[in-house]
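Structure, as structure tokens:
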Amino acid sequence: MLKPETIKVLVADDSKTMRDTLAGMLKDFAYEVAQAVDGQDAIDKYREFRPDIILLDMNMPKLDGVRVIEFIRRRLDDQDVLIIMVTSERSQEIKLQAFNAGANDFLNKPFDRAELLARVAVAAKQVRLNNRLRKAFRTIEQEIDLVAELQGKLLPSSSPDIEGVQIHSLYKPSGKASGDYFDHFPIQEGVLRAIVADVSGHGARAAFIMSIVRTLFRTTLTHYLDLEETFDLLNNHLCHIICKEDDFVTILAADIDFQERKLTYINAGHCPGMLKTFDGELMTLSPTASVVGFFEMDYPPRTVELPERADLFLFTDGFYDWEVSPGEFLDFDGFWEVSESLLGNSDNFLEDLMDGMQKLSKIPCRFRDDVSALWMRMEFVREFFFKAKALPDVTRTLAREAMSVLARSIKSESDLYDLDLALTEACANVVDHAYKGDEVGDLEIKLHVDSHHFIVVEVADWGVGFDGVPAEIKKPDPKAESGRGIYIISKLMDEFGIKKQQGKNIVFFRKNIKKELWKVCL
Amino acid sequence: MEGLLIEKKDGVVAVVYGGEITLDVTSVMKGEINAATESVDYKNLIMDLSSVSFIDSSGIGFLVSLNSRIRNAGKTFYLFKPSPQVVKTLDLVQMIKYFKIINSDEELAALS
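These protein sequence lines are chains A and B, in that order. The numbering of the first sequence is this note's numbering, which starts it at 5 and goes up by one. The numbering of the second sequence is this note's numbering, which starts it at -14 and goes up by one.
What follows is the structure, encoded as structure tokens:
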């Protein structure tokens, strides 16, 4: 059996006789006792001794009892120490003042020894109970901390390195553990699975169910299941585990196929996702089925074509549960309006969205619910520009720079070599022929990357210009020391031409690259 | 120049180059090889291209020019172990048959 904890009592009274009497009585019952001779001393001793109970005289020099109580309760913010007033003061008003200031009990002098000991014993019991409660809360808090820490590890810590794709996420649990879940991982060659889910409720219970959802989703990483099969698996498991409870899960999951430029999604009772093209067209990924974990049902997927450039925004409903002024909350429409105006226009969408919502608020950001969001920018068509003086060493460096950009997207060494050779030939052509005499003009390289389809390269100068492409590009004489550039470009590329545009002479060529030869890094 | 090594021994000039052969290096290379071979009596010039990572039409033109000059002087020009990148470009312009190519150390030893 554990030894009962010692209760510390501070006796504050300006009468030495009274102090000694009280201290003697209490020591007989194994209390640890300290004494204070006036109000100021009571506060000093309180700081040193940290008593569990204070027996406090009302009328003391320097600081009276009511001031001592106020100081301890308000200034030192101790609401736990049990304060028993022991006084000869009979005034009802003084008593009320003491209780209002935070006294717990009141005993008139002269007191009955047995009554005083009984009141101190009640206070000691309360102290022990409080201590046990505090300990229990600490244990629970530690457990929740552990759950929250583990839960944090279940969320993706980094974004996959996919050329032309940016992924940002936001996670703000309302408490420590949360029922929100977001994730993204490669599911097949060239396909990324993105998920945002929300388990009803908060805290450890929601976090536990969230971890089941996450585990089942992550299973599909090693044992491929398409979205429909994945939702069937999730629903069967969750129905089995939680169907007799009130819990349920809403999920919006999408498979983004970078090679086929398609997005397939299932929205099980979740708030709608947003897909917005750079042209401003908004597509809403509305629910396709009901929530998961309630009853058996089908989860048919929907597929949409992805445009050349688009932003995808998936979020949990906690996002619009935002207190804009005391007691007033932002509604879905207000949130949707801000999101729609920023999506496709902001490079730091989630940050800008938070700022935008903050502007609608009269008070600092306050969410009631867990908040998670996933923002993904997909750019399947991108352009890159490089410009330098048309000098041999400079242009070769420029070509290498351009090739390093292409090497981030293309994995075929052979295609990269072909593009490098054609580009170097086009640059050498400008260096050798574009500018007359000692004039050193500019050279510009433009790369047009249409992911998983083709590359178009344009090499431009502002010089005298070339003749058009000859009708027949003949094989060069083996003994010739020059004149093979155009032949090489025409042999290596799928399309080749020369054009004039806005004062520029442009040699352009196009190389089609097979889908499987693009890097998706998935 | 950096990456270029020229050795003369027993009637053979061996030129080793590692890097890219493009417009920005060909004229310097040409000058250094000409200077190194001008007053030397040799039978064969062997150009080691095993460490060439990239060659464009200017590089091909340089090899054609070197080949012509050496042939005209009554000597023989060989390409030694051309890298896959060199073979690819030579093949592309259908010049692979135009050069004498040595692909092994045994063939090289047989020359001397």
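From the three backbone atoms N, C-alpha and C, an ideal C-beta is built for every residue, glycine too.
Query                                                                                                                                    : Result
Per-residue DSSP class, three states only, for A:L229                                                                                    : coil
Counted within 10 angstroms of its Cβ, other Cβ atoms place B:V13 as buried (16 or more) or exposed                                      : exposed
CB-CB length for A:V41 against A:V15, believed under 8 angstroms                                                                         : Between A:V15 and A:V41 the Cβ distance is about 10 angstroms, and since that is not below 8 angstroms, they are no contact.
Nearest residue (CA-CA) to A:F384, options A:Y324, A:Y439, A:D422, A:I459                                                                : A:I459
Spatial distance of A:N108 from A:V203 (CA atoms)                                                                                        : 44 angstroms
The beta strand (DSSP E) enclosing A:H172, as first and last residue numbers                                                             : 169 to 176
Delimiting residues of the beta strand (DSSP E) encompassing A:E514                                                                      : It is worth fixing the name first, because residue 514 of chain A is Arg in this sequence and not Glu. A:R514 -> beta strand (DSSP E) spans 508 to 516.
Coil, strand or helix - A:V524 by DSSP                                                                                                   : coil
Rounded Cβ spacing between A:K519 and A:Q192 (contact assumed at less than 8 angstroms)                                                  : No, A:K519 and A:Q192 are not in contact; Cβ-Cβ is about 13 angstroms, not under 8 angstroms.
Close-in-space but distant-in-sequence residues of the same chain around A:F333 (CB under 7 angstroms, 5 per side omitted)               : D325, W326, E327
Contact check, A:P396 vs A:A426, beta carbons under 9 angstroms                                                                          : no
Per-residue DSSP class, three states only, for A:Q192                                                                                    : strand
Residue from A:T307, A:K49, A:I414, A:D422 whose Cα sits closest to the Cα of A:H456                                                     : A:I414
Amino acids of chain A, ordered along the chain, whose beta-carbon sits closer than 9 angstroms to that of B:K73                         : S418, Y421, D422, L425
DSSP state of B:V7 mapped onto helix, strand, coil                                                                                       : Correcting the residue type first, residue 7 of chain B is Thr in the shown sequence and not Val. Residue state, collapsed to three classes: coil.
Cβ-based contacts, 8 angstroms cut-off: residues of the segment 489 to 503 of chain A near chain B                                       : G489, Y491, I492, K495, L496
Residue environment, A:Y303, which counts as buried when at least 16 other CB atoms sit within 10 Å                                      : buried
Stretch-stretch touch, CB-based, cutoff 8 angstroms, three pairs: the segment 478 to 493 of chain A with the segment 29 to 44 of chain B : yes
Cβ pair count under 8 angstroms reaching 3, the segment 54 to 62 of chain A against the segment 74 to 91 of chain A                      : yes
Which residues DSSP lists as bridging A:H452, in chain order                                                                             : A:E387, A:V460
Test item: CB-CB of A:V4 and A:A257 under 9 angstroms                                                                                    : Nothing about residue 4 of chain A can be read from this structure; chain A reaches only from 5 to 526.
Any C-beta of chain B under 9 angstroms from that of A:D446                                                                              : no
Helix, strand or coil at A:M62 according to DSSP, with G and I counted as helix                                                          : coil
Interface flag, B:S53 vs chain A, CB-CB below 9 angstroms                                                                                : yes
Beta carbon proximity, A:V435 to chain B, threshold 9 angstroms                                                                          : yes
Closer than 8 angstroms at the beta carbon, the chain B residues around A:A432                                                           : T7, L8, D41, S42, S43
Contact set for A:Q39: own chain, Cβ-Cβ below 7 angstroms, skip 5 residues either direction                                              : V15, R23, A27
Chain B contact residues for A:S486, given Cβ-Cβ distances below 8 angstroms                                                             : S42, S43, G46
Simplified DSSP state of B:Y83, which is helix, strand or coil                                                                           : coil
Three-way DSSP call (helix, strand, coil) for A:I245 in this model                                                                       : helix
Where the beta strand (DSSP E) through B:I55 begins and ends                                                                             : From DSSP, B:I55 is part of no beta strand (DSSP E) but of the alpha helix (DSSP H) over 42 to 57.
Rounded straight-line distance, which links the Cα of A:R136 to that of A:D68                                                            : 32 angstroms
Three-state class that DSSP yields for A:F299 in the structure shown                                                                     : coil
A:N104 (DSSP reduced to helix, strand or coil)                                                                                           : helix
Proximity test, Cβ basis, 9 angstroms: B:L34 and chain A                                                                                 : no
Interface residues of the segment 379 to 406 of chain A facing chain B [CB-CB below 7 angstroms]                                         : P396, D397, R400
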